[in-house]
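Chains as they are written, first to last, in my numbering: chain A, 5 to 118; chain Y, 2 to 114. Think of the CB as a built atom: it goes at the ideal place given N, C-alpha and C, for glycine as much as any other residue. Working notes, beginning with the structure itself.
So, in structure tokens, the structure goes:
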């Protein structure tokens, strides 16, 4: 079974600062994918960033980057130059190769302070 | 862009009613999923389907059933709604084996009174 743990239910960051959201996971599969999803107040889940476990290089999408530590099963999300529009619930998730089911963590609510 | 449409944004139903939540996707995705989202519990998988007329139980299927008669439509059915089924319901779809993650609908907030 796969599990995802997000240990920070809520976080706050000052606008323009950098914040890191933590995520650890567990999977028995050798080939898997990791995701961070954002859910703003509109409720629409948006894919922020995706990491393939076989790639050692950390994924980056503009102001969003990950720190993927495969041995430690850690997958943190770094948001640089935080903006008011980044305020949302963020979900870490893992997808195994066998059954196409994504397992989500419980989420971290991020507040941006103006 | 793939679009996943959930028929209702807000829904209020009475205890004991039969409730249908509809989800339609327009990009020929094989896989469709129903999740339930509750504060502090994240997203929990109710049912999923890999093809027409196929269905698989997720982690919390009790009290729910599903129907997939056409590839683009995946319905979640609450046979006899109860107050503990008050929640946000999210539908998602994906292409098999592409591992690009899901495309989600915008959710249905169901209140059972």
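Nonlocal neighbours in the same chain, by C-beta distance under 7 Å from residue i, ignoring five residues either side
| i | result |
| --- | --- |
| residue 36(A) | 57, 98, 99, 100, 101 |
| residue 45(Y) | 36, 37, 60, 61 |
| residue 31(Y) | 51, 52, 96, 97 |
| residue 21(A) | 86 |
| residue 88(Y) | 37, 38, 39, 111 |
Neighbour list for residue i in chain A, Cβ cutoff strictly below 7 Å
| i | result |
| --- | --- |
| residue 21(Y) | Near residue 21(Y) there are no residues of chain A at all, since even the closest Cβ is about 20 Å away, more than 7 Å. |
| residue 95(Y) | 104 |
Beta carbon of residue i nearer than 9 Å to that of residue j
| i | j | result |
| --- | --- | --- |
| residue 114(A) | residue 83(A) | yes |
| residue 43(Y) | residue 95(A) | yes |
| residue 7(A) | residue 29(A) | yes |
| residue 5(Y) | residue 81(Y) | no |
| residue 27(A) | residue 48(A) | no |
| residue 79(Y) | residue 13(Y) | no |
| residue 47(Y) | residue 103(Y) | no |
| residue 86(Y) | residue 64(Y) | yes |
| residue 60(A) | residue 77(A) | no |
Limits of the unbroken beta strand (DSSP E) element including residue i
| i | result |
| --- | --- |
| residue 39(Y) | 32 to 39 |
| residue 6(Y) | 5 to 7 |
| residue 53(Y) | Looking at the DSSP string, residue 53(Y) is not in any beta strand (DSSP E), and its letter there is neither H nor E. |
| residue 30(A) | 28 to 30 |
| residue 122(A) | Residue 122(A) falls outside the range modelled here, since chain A spans only 5 to 118, and no answer is possible. |
| residue 71(A) | 68 to 73 |
| residue 42(Y) | From DSSP, residue 42(Y) is part of no beta strand (DSSP E); its letter is neither H nor E. |
| residue 34(A) | That residue, residue 34(A), is in no beta strand (DSSP E); it is neither H nor E in DSSP. |
| residue 65(Y) | 65 to 71 |
Nonlocal neighbours in the same chain, by C-beta distance under 8 Å from residue i, ignoring five residues either side
| i | result |
| --- | --- |
| residue 15(A) | 23, 25, 112, 113, 114, 115 |
| residue 70(Y) | 53, 54 |
| residue 50(A) | 41, 42, 43, 44 |
Partner residues on chain Y for residue i, Cβ-Cβ distance less than 7 Å
| i | result |
| --- | --- |
| residue 51(A) | 102 |
| residue 110(A) | 41, 42, 43 |
| residue 105(A) | 46, 49 |
Chain Y residues whose Cβ lies nearer than 8 Å to that of residue i
| i | result |
| --- | --- |
| residue 39(A) | 102 |
Within chain Y, partners of residue i - CB distance below 9 Å
| i | result |
| --- | --- |
| residue 48(A) | 105, 106, 107, 108 |
| residue 95(A) | 43, 44 |
Sequence-distant residues of its chain with Cβ nearer than 6 Å to residue i (five each side left out)
| i | result |
| --- | --- |
| residue 11(Y) | 110 |
| residue 25(Y) | 6, 73, 74 |
Neighbouring residues, chain A, relative to residue i (Cβ below 8 Å)
| i | result |
| --- | --- |
| residue 32(Y) | 104 |
| residue 111(Y) | None at all; the shortest Cβ gap to chain A is about 13 Å. |
**Study point:** Unbroken stretches of the beta strand (DSSP E), 3 residues or longer, contained in the segment 76 to 117 of chain A
**Key:** 78 to 83, 92 to 100, 106 to 108, 112 to 117
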